[in-house]
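The block underneath contains the structure these notes are about, expressed in structure tokens.
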Amino acid sequence: MPTPFKEEKIDGKTFYTSTVRIRRDLKWSDGKPITADDVAFSYMAPLALDPNKLGGNWPGNIDPDILNRVEKIDDYSVKFLLTELPGLAQWQYGMLQAFILPKAYWGPIVDKALKAADPVKELLAHDPAGEPVAGPWVVERWEKGAFVTHLPNKHYGLKGDTSTFYANGAFVLENKKTGIKWTTGDAKGDIKLQVVEGPYVDQLRFRILQNQNAAVLSLMKGEVDFVLNSLGLQRGFQEQLKKTPNIATVENSVNGFRYMGFNLARYPFGIKEFRQAVATLIDREYITQRVLQGVAFAQYSVVPPGNAYWFNSDVKMWGKDMTRSQRIAEAVKLLKSAGFSWEIEPQVDLEKDKVLKRGKGLIMPDGKKMPSFEFMVMTAGYDPLRYTFGLNIGTWMQEIGIPCEVVPTDFNVVLTRTDERDYDAFLLGWSLGLYPDHMHWFFHSSQAPAGGFNATQYVNPEFDKLSESFLAEPDLIKAREKAFRMQEMLAEDLPYIVLFDTPLIEAYRSDRLEYPFTKVLSGIQYFGGMTSTVNLKN
Amino acid sequence: MIPGHARAGGPSGALRPAPRFGREQLKARVITMRRYMLGRVGQLVLTLLIYMTMVYFLMQAMPGDISQVYLANPRIPQAARLELKKQLGLDRPPFFQYLSYIKNFFTGNLGVSFSHYPRPVWDILVERLPRTIVLFVTANCLSFYVGFVLGRIIAWQRGATVDRMATVVGITFWTAFYPLLSLILIWLFAFTLNRLPLNQFIEPALWIKAPFTSNTVFGYMVLGASVIALAVFLIFWVFRRGLRRTRRSAAMAWAMTAGVIGLAIWIAHATGTLIYIWDIIRHMILPVCTLTLINFAGTMLLMRDSMLETVQEDYVMAARAKGLPDNVVRDRYAARNALLPTVTSLVLSLASSMSGGLVTETMFSWPGIGQVLFRAAIGNDYPLATGALVFTGVFLLVAHFVADVLYAFLDPRISYTGQPAAEG
Amino acid sequence: MTELATSPDMGRGPEKQLPRFDPGITEPIWKIRWKMNMRSLAQNWEIFKESRVGMSGLIIIIAFGAFGLLWPIMINFVWDPLIYHPVVGFDPMLMHPSPPVAGHLLGTDPIGRDILAQLMFSTGREFLLGMLSAVISVVVGTFIGAMAAYYGGFTDTIFMRVADIVMLFPFVPLLVVIGSMIRLSIFPFAIILGFLEAFGGITVILKAQALQVKVRPYIDAARVAGGSDLHIIRAHIIPNVLPLSFLYMMFNVTAAIVSEATLSFFGILNIDMSWGMMIHTAETAGYLFDFGKFWWLWAPSGFFITLFCAAFYMVGRGLDEVVNPRLRKR
Amino acid sequence: MDALLSVEDFTMHYRTKAGWVQAVDGVSFALKRGQALGLVGESGCGKTSVAMSIMRLLPYNAEIKHGRITLGGRDVYAMASEEFRQVRWKEISMIFQAAMNALNPVYTVGSQIVEAIVEHEPETTEEQARRRVAELFDLVGIPADRADHYPHEYSGGMKQRAVIAMALACNPSLIIADEPTTALDVIVQDKILREMEEIRRRINMSMIYISHDISVIAEVSDIVGVMYAGKLMEIGEADDVFKRPRHPYTYGLMHAYPSILGAKRDLATIPGEPPNLMAPPAGCRFNPRCDRATDECRAVEPKLIKAGPEHRIACHNPVWTPSSGGERVGAAR
């Protein structure tokens, strides 16, 4: 585990160093032990090749501005030298998550690449078949376009690790064979869950299918035992599979959300009250429970409830549990407070919850009639749920005179126009990592110009200060408080109107597979089907 | 036998050696053929160049570019995106990119795919080509054969029940919504009746221990099939060429064909690939039948309509008067003169089978060139999209060229320039 | 002034003889030509009416047209748009997709929209798409095919090479590019499709057929009789090629409807609702693998597509007899 | 010696949408081996339909009401189609009216003739067949090396000769020539007719000439039959019919021809037009146009009655001419 940071001065420059000790019982699949050399190499090689050039996940994990170098101290400990004190995002959830590669195998290849004219292209062109791995599985055969088979890795270091979770939140990791033991919190009281690592299956077969129909039919016919699908099963399949014998369905929440964003740089979307009025109009429960019949669930905060530790539940929820007429009345009040007016003001009858007169011709605070604007929505083909949400939102806005025109658009087109900030309003979605630093990247003013991640061009100096301090925050508890305050601020300003998300529904052959646990954020498929802990029934 | 007939005053009718058929005529044709060929090849290259330019700039005009992939992960900084663009050469002005692309193309290098960086485009195409050829060429040939045979029959008996029935069935399948029909057939045959494999092109259990990869076996199949086709063509050309079309010669021809196929099976067995080839064939049955059901009506109706013209010709009446058997009259007189449009559509559809079919590939999980074309086109992967489009496009251009040459063979009245020969 | 004996309009008069025009009349030429065209039109209609196949095809197409016209009436007066709107409508009373029920004769789709309303709404669009792509591709395609065969040489090469390029053309990216410039609704899509189909496969196949017609003796006879090139093409080559081009009319309509469905499903065309789209939505929502149970999700739209395209074939078959005198004599 | 071909009271109608067309009505005649029959009549009088009926090549909307055709003693329509197929071109062959497109444009002319020979003579090899084609081409006056050219490379006259060569290919015992020389100019026509006549005489082959041109028929046929509106009006020896026509229609026909030999005189024409065969006039079908028509003619259909040893006519009020030959007498009204 990493030691806390201490400041050191080495040949004139100040560094923040931390030494990390490595488990001694791990081996590569070719039998060689995993040592500090491999760890040091896994950081120094990408630094030498410049992570940005490497692309993929490298720039995210290894940030050349912060990480200066990694030195090997002895066979099983390394020392990290950083130029500045890293926050949780850069250290625990950043650098320490990087991949460790076998130096014996990759060393010569990287050296040869460095000498070539275009080192990255040279390196990426290398065919990594037969590369020693540390994971539970080794690739046995890969038939392109048809299937991939894996065999258990004989030298799998973590085989036999028993992780025990206690009701009081304590956690013990113990491997009786190799004597490794590691605990956090006081390990006593009743055990909530105990999982023993180690592949129990002698062969793993992945079949590559091109559409969900084929997958579900194969599942029902018994040709496959589990369907790996990042979108989860559609409603029709769920209903059918629930009724099919010896097939179990699993429902998990997903770490992401679908949202609607306005281009704040364009008048009048910059006005907070306008966004709040639109948020109030949107009846999320009506669509998720009635129209989509429970396939999706309403969501109000920028951090999904699935990410329990960071999720702030008491966030301002605009228009929650309001009837149709109450929403319209509230929205009209908000718009009026910001100086909007109408050619024909919408009238509602609160008791009978009826819309007496539909609003027409919204006039902006600057006196001019609001021009109709384009609300880009996913097409029915790409994502029927977002398509339905978008259309309904469009109808509700038109109902009170907001001249919104719903335009189903191709995903690439939406990405391009939001990237170039050439749009009015759009509806997209994000899938996120565990550490909520996405709030910094989405809403920090530095990301506002074209090409950055702050597509809605939200600029709030107070928020910027808060998000920068959150990013640099090493302490978990303080980081959580800051995250909660950020969520409250965003719920008030509503740069994103968070709409909904869908639980991930998966199915597997209950007569053949037995999973130690099935409640996991983003579903079983997020952990590759938990192949190393699943057990065969017969 | 006519007794030695001496025309009044002519020399006595000594037996004269029979003239060889078409000798000097062929010589005349060869010359015009060569001149025509050169012209056509020139046109082919020019068309290809124009086509490539249009495709390339169409790709550039597509909204967005490949680096958008990085927009999905918030942690990746701006620098990485610019770096990727530089790496892929997207930062150079489009015109220079185009020039380098053309230079590379004519040196046989289709460039490197963006989405499967740094795999070369050739590599991806070659990986998927055998699979596509085996499935789609077989399907096309089968649907053409069924359509051709049925078309001749229903044109010959216009108005009979077989005509009405075949047309109604053909039309319903032709106009059926293709994705829907394939789903129904999969559900019916593979799932409910459980007769045929559900999808994919090989059975994993069998192939894990296979000494070959599926692509090599597909390669063998393409090679084997073309050798067999050539052999069968030669056999029929030798036995059925003459006008002597007796029962005996037909039986001999079929026996020889069976022999060739038997030999092929024995070789496959000897090399140990037979079970694998059989597994692929088993997986092919459902997609090929679906494609045939969908497409046979096209050829059938095409053949029927073009044959209705020739059925009423006088030489067909003359042929029946000559006492030739009915199928000879139908095939060598009526059908033979109506071949032009049908053969053209066959040659064109064979070429287009190179580019596979997106719906079939998705429904039957048979990843081929069709998916590559679609994903690359949508995913802004310029080199892969352009490379795949041009690669399959060449086949079509060559096919059209072959069709033009065939016209002259099919109908002597049409000379090589595609215009009628000077009237005799 | 009688037209040339070889012109199809004149030639096809059935048994009853045409009254001979005495030259003394004073009517202007165009009037005579108009009257003759009207008469030949009437004659053709007589002949077309005879063919049962052609008439039933025509009736089906008219029925589709009427069904499509019914939509504005139904949505404005009979149905409540909130429930019956093909795209946004939702019926809160039922569990969706519900089988046919009192309020929804053909049941509802997985997102709660009424299937009958969707069918009616998209009929108008599919009708437009079908007619446009059929007419454009047949008219333009036939004319080009005949011209290419008749003139040969340079024109033939030009048209054939254009046909090559059009056939090769990546249809999907083209639409994506156009889609990003203008909003691709059904009308521009139908026209683009019509012209693409017209210059592509149909020209090559028709040219092949036209070549066979061109080498026939009566073409030389017509040329000897002083017919202008254009007249020969219009009067001799095209009538003999039309049976094939009518066949292509059906091919193109089917292709149009299937490609429109796949493209709007992948989001390239922003057409809100079409028959093909209905099947695709059902498929993605996972209701299309047990065909017995949720039959109303695929059967009505599948049946409509087949019937609509088949109708064009039947009309084509009927027109065959009008155009091709020898066929009719039988 | 019984007749090679006998047609007995043969009646055949075409079924059309508008009703029945009575194309051939009660025609009967007999043809001995080596004899040449000339069938003459205006176009649309059913002579081609008779030819087609003999060859069993009737379209599908033709229906035989009654009567029999026997060839070499066997009833043509009783034979199984496979059996009759052997007979075609072996026993009886035909020279088509439009010889222009009776040849398949996509095969060489030679091969089409070889095909017929090989089909009917299993033991002949292709080589022998080709040699015979060369001889046939000599016979009809086409250079032998033209055998491997395509039909579109032949002139009109040469196509006609090729079709004749094809008809002779299997030495049939009867050839039906349907307007063989109509498309040709007079000189070539005359040359071909003389050659065909000479070939016929030499191999004692029987022939049926069909033409609307009396001069052609007069030149080549032994017996002449005159047809009008589907019925056989008069049949007999060539001399009887031409020199002593007894049927008013034949009489009229004879006078419709300018004779180069005799004195110049204006031609007599037969008024009116041939009747509509869907609703033929009652009685004798010629009565509306016959100036000698009596009530009986308009009521009762005349049967064929003897007017001479080999001469029969179907008329109630025949034209009487003195038995002395040569001189044509009779009021040309």
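Sequence lines, in order, name chains U, Y, L and E. Reminder that position 155 of the first sequence reads as 154 in numbering that gives the first Met the number 0, one-by-one numbering, no gaps. Reminder that position 349 of the second sequence reads as 348 in numbering that gives the first Met the number 0, one-by-one numbering, no gaps. Reminder that position 324 of the third sequence reads as 323 in numbering that gives the first Met the number 0, one-by-one numbering, no gaps. Reminder that position 274 of the fourth sequence reads as 273 in numbering that gives the first Met the number 0, one-by-one numbering, no gaps. Where a beta carbon is used, it is the ideal one built from N, C-alpha and C, also for glycine. Bear in mind the structure is a predicted one, so any value in this text is a computation, not a measurement.
Item	Value
Inter-residue spacing [alpha-carbon to alpha-carbon] between U/L498 and U/K356	27 Å
Residue range of the beta strand (DSSP E) that includes U/F261	G255 to F261
N- and C-terminal bounds of the alpha helix (DSSP H) containing L/I82	P80 to Y83
Per-residue contacts from Y/I443 into chain L (C-beta, under 9 Å)	The requested residue 443 of chain Y is not part of the displayed model; chain Y covers only 0 to 423.
Neighbouring residues, chain U, relative to L/G200 (Cβ below 7 Å)	Correct list: empty, because the minimum Cβ distance to chain U is about 27 Å.
N-terminal and C-terminal residue of the beta strand (DSSP E) that U/Q193 is part of	I190 to V195
Where the beta strand (DSSP E) through U/K481 begins and ends	It is not in any beta strand (DSSP E) - U/K481 instead sits in the alpha helix (DSSP H) that spans L475 to D492.
U/L431: CB within 7 Å of a non-hydrogen atom of the ligand FMN	Among the components of this structure there are no ligands whatsoever, and the ligand FMN is therefore not found.
Residues bridged to U/K368 (per DSSP)	U/I362
First and last residue of the uninterrupted beta strand (DSSP E) at E/T181	No beta strand (DSSP E) holds E/T181; DSSP gives it neither H nor E.
Contact set between L/Q211 and chain Y, taken where Cβ atoms lie within less than 7 Å	L339 and D410
Under 8 Å by beta carbon: chain E residues contacting Y/E312	N100
Check whether E/S172 and E/S220 have beta carbons under 8 Å apart	no
Coarse secondary structure for E/D24, derived from DSSP in three states	strand
Residue from U/T279, U/L535 and U/R508 with nearest C-alpha to U/P244	U/R508
Counted within 10 angstroms of its Cβ, other Cβ atoms place E/G72 as buried (16 or more) or exposed	exposed
For Y/D325 and Y/V145, the rounded distance between their alpha carbons	20 Å
Partners in chain L for Y/M425, counting only beta-carbon separations shorter than 9 Å	There is simply no residue 425 of chain Y to check, as chain Y begins at 0 and stops at 423 in what is shown.
Cα-Cα separation, U/T408 to L/F66	29 Å
E/I94 versus E/M51, E/K64 and E/F136, residue with shortest Cα-Cα distance	E/M51
Those residues which DSSP pairs with E/H148 across a bridge	In the DSSP output, where bridge partners are listed per residue, E/H148 has none listed.
Classification of L/S244 by the beta-carbon crowding that lies within 10 angstroms, buried from 16 upward	buried
7 Å Cβ shell around E/R297 - same chain, five flanking residues per side excluded	A281, G282 and N286
Option nearest Y/P93 by Cα separation, candidates Y/I132, Y/L285 and Y/T52	Y/T52
Span separating the alpha-carbon of L/M130 from that of U/R385	33 Å
For L/Y149 and L/K48, believed in contact at Cβ under 8 Å, the rounded distance	That pair is no contact at about 32 Å.
Y/L197: contacting residues in chain U (beta-carbon distance under 7 Å)	A213, L216, S217, K220 and E222
Bounding residues of the beta strand (DSSP E) (the contiguous stretch that carries E/C296)	E/C296 -> not in any beta strand (DSSP E); alpha helix (DSSP H) instead, spanning D294 to A298.
Whole-angstrom distance between L/F186 and L/V240, CA atom to CA atom	29 Å
Any 3 or more C-beta pairs closer than 8 Å across the segment 49 to 64 of chain U and the segment 17 to 32 of chain U	no
Uninterrupted alpha helix (DSSP H) stretches inside the segment 285 to 371 of chain U (no shorter than 4 residues)	323 to 336
L/P277, buried or exposed, once every other Cβ within 10 Å from all chains shown has been counted against 16	In the sequence under discussion, the amino acid at residue 277 of chain L is Met, which differs from the Pro named in the question. It is buried - the Cβ of L/M277 has at least 16 other Cβ atoms within 10 Å.
Backbone secondary structure at L/S50 - three-state DSSP	coil
8 Å Cβ cutoff, Y/F113 in contact with chain L	no
For U/G11, three-class secondary structure by DSSP	coil
Beta-carbon proximity of E/Q111 to E/L276, cut-off 8 Å	no
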